[in-house]
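Undergrad: Starting off with a structure, shown below.
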Amino acid sequence: MSEGNPAGKRWEQGPKVVAIGGGTGLSTMLRGLKVHTKNITAIVTVADDGGGSGMLREDLGMPPPGDIRHCMEALANAEPVMQQLLSYRFPKESGRLTGQSFGNLILAALNGVSDSFDEAVGKMSQVLAITGRVLPVTNADVALEATFENGANVLGESKIFAFKKEQDCRIESVRLLPEHPKALPEAVHAIEEADLILLGPGSLYTSVIPNLLVDGISQAVCASQALKMYICNIMTQDGETEGMTASDHVRALLQHSGPHLVDICLCNSAPVRAGLLERYREEDAAPIVVDRAAIEALGVEVLTRPLASETQDYARHSVARLAEAVMEIYRERADTRIY
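Numbering follows the numbering used here, with no gaps: position 116 of the sequence shown is 116.
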């Protein structure tokens, strides 16, 4: 984007946005945000232990690269061939590489020639010429443990889905082991300097909350004077948040952090197409009920906007709609407006 025109100047001087989470939801939001501001910091969970990331974690003793890679892909300004390489997955009958992402392997190689995982992420960010920064929330080797309302426990993020279906009760809480790992200093500093802090969208217990359990993160968010927003998911998630309302999501966030974590809960107001509703119903998922009064009783304002994609075959946020809504609310509500 050119610096010589007003739009380019607004982009260069755009608000300092910190987005905290992981998974598909975070990368979707980043794709939209990078059009509005270059000053983006994505703080990403490193608790994943499944799929290709889990294999590399087990084989190489490195943090899981998958969520980090997704965020870098979303913010990348690389050539089309490089974009293709990043998203390439090895086909069946590729041995231990079956299903593995080439982007994960690049990050694994960079980790091997770097002194720390965050340094490897920084090098890959340079290669991809990303807009903003992507930071692992911690360099520590952490595992996620879930405790259910019946007192049962399961260790390992990838095991939570099946275990929850087996227990047939809600998740009561999650924790990291070892507990209270130290946050990456750059992540804490980014939160302290932020104009706008965003949590979600993404899996509540396995993408968003794990970041808040890293020592220094929730404390910095709660203390920040920035505008703080939780972007609620559109649908409940099978094996994680069945039957939970929007206020249940906000309450879980506060229970795992502290008061003043968020000012606003942003929820979708666009209807989900009937065909999609039927498909999700088969997966025991449904649109999240926005129980406004219960959310406001927690001290959090509720705003609704039409955020759902009108074209995808899944009930997910629209890249453009979500980013535009977030930036519009920022311009209206932030005490210190950048533009």
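Even for Gly, the Cβ is constructed at its ideal location relative to N, Cα and C.
Everything numeric in this text was worked out from a predicted model, so none of it was measured.
1) Starting from Gly51, trace the alpha helix (DSSP H) in both directions and tell me its first and last residue.
2) With a threshold of 16 other CB atoms inside 10 Å of the CB of Asn233, please say whether the residue is buried or exposed.
3) Let's see if you can read the secondary structure: which residues bound the alpha helix (DSSP H) around Ser125?
4) Going along the chain, which residues of its own chain have a beta-carbon closer than 7 Å to the beta-carbon of Lys123, five neighbours each way excluded?
5) Alpha carbon to alpha carbon, what distance is there between Val272 and Gln312?
6) Only counting the same chain, and skipping five residues up and downstream in sequence, which positions put a Cβ closer than 7 Å to that of Ala74?
7) So what does DSSP say about Phe90, is it helix, strand or coil?
8) Which two residues bound the contiguous alpha helix (DSSP H) that contains Ile68?
9) What would DSSP say about Arg133, mapped onto helix, strand or coil?
10) Tell me the start and end of each unbroken alpha helix (DSSP H) in the region 151-184 that is at least 4 residues and wholly inside, in chain order.
11) Which two residues bound the contiguous alpha helix (DSSP H) that contains Leu30?
12) Restricting to runs no shorter than 4 residues, where is the alpha helix (DSSP H) found entirely within the region 253-288?
13) Starting from the Cα of Leu56, find the closest Cα among Gln84, Ser94, Val46, Leu105 and give me that residue.
14) Can you tell which of Leu184, Gly239, Cys222, Val262 has its C-alpha closest to the C-alpha of Gly200?
15) Exposed or buried, which one is Ser94 when buried takes at least 16 other CB atoms within 10 Å?
16) What distance in whole Å lies between the Cβ atoms of Asp215 and Pro259, which are believed to be in contact at a cut-off of 8 Å?
17) Flag this pair as touching only if the region 82-100 and the region 142-161 have three or more C-beta atom pairs under 8 Å; answer yes or no.
18) What separation, rounded to the nearest whole angstrom, lies between the Cα atoms of Arg333 and Lys228?
19) Per DSSP, Thr41 forms a beta bridge with which residues?
20) So Leu298 and Val250 are supposed to be a Cβ contact under 8 Å. How far apart are they, rounded?
21) Spatial neighbours of Glu242 within its chain, please: CB distance less than 6 Å, with the 5 preceding and 5 following residues excluded, ordered by chain position.
22) Alpha carbon to alpha carbon, how far is Val142 from Leu177? Give it in angstroms, no decimals.
23) If we call anything under 8 Å between Cβ atoms a contact, is Ala308 one with Lys16?
24) In this structure, does DSSP put Glu328 in helix, strand or coil?
25) Quick one: using the 10 Å Cβ neighbour count with 16 as the cut-off for buried, is Val174 buried or exposed?
26) For His317, name the three-state secondary structure that DSSP assigns.
27) Under DSSP, the alpha helix (DSSP H) around Glu301 begins and ends at which residues?
28) Determine whether the beta carbon atoms of Gly132 and Ile40 lie at a separation below 8 Å.
29) Nearest CA to the CA of Val18: which residue from Leu135, Arg321, Leu303, Ile209?
30) Tell me which residues share the same chain as Ala246 and place their Cβ nearer than 7 Å to its Cβ, disregarding the 5 neighbours each side in the sequence.
31) Can you list, in chain order, the residues of its chain with a C-beta nearer than 7 Å to that of Val46? Leave out the 5 residues immediately preceding and following it.
32) Could you tell me the alpha carbon to alpha carbon distance between Ala274 and Lys9, rounded to whole angstroms?
33) Leu110 lies in the alpha helix (DSSP H); which residues open and close that run?
34) Looking at C-alpha atoms only, which residue of Glu282, Gly50, Leu33, Ala293 is the closest neighbour of Glu157?
35) Looking only at its chain, what residues have a beta carbon closer than 7 Å to the beta carbon of Gly52, apart from the 5 residues adjacent to it on each side?
TA: Taking the geometry as given:
1) 51-60
2) buried
3) Going by DSSP, Ser125 is part of the alpha helix (DSSP H) stretching over 117-128.
4) Leu110, Ser114
5) 11 Å
6) Ser27, Leu30, Arg31
7) coil
8) 66-75
9) strand
10) Taking only runs of at least 4 residues, the alpha helix (DSSP H) segments lying wholly in the region 151-184 are 160-167.
11) 23-33
12) 274-282
13) Measuring from the Cα of Leu56, the nearest candidate turns out to be Leu105.
14) Val262
15) exposed
16) Not confirmed; about 18 Å, so no contact.
17) no
18) 10 Å
19) Val18, Arg133
20) 6 Å
21) These residues qualify, in order along the chain: Thr236, Asp284.
22) Distance from the CA atom of Leu177 to the CA atom of Val142, rounded to whole angstroms, is 6 Å.
23) no
24) helix
25) buried
26) strand
27) Where Glu301 is concerned, there is no enclosing alpha helix (DSSP H), although the beta strand (DSSP E) it sits in stretches over 301-305.
28) yes
29) Leu135
30) Cys232, Cys265, Cys267, Ile288, Val289, Val290, Asp291, Ile295
31) Pro63, Pro64, Pro136, Val137, Thr138, Val142
32) Going by the C-alpha atoms only, they are around 43 Å apart.
33) 102-112
34) Gly50
35) Counting only Cβ-Cβ distances below 7 Å, and skipping sequence neighbours, we find Gly66, Gly99, Gln100, Ser101, Asn104.
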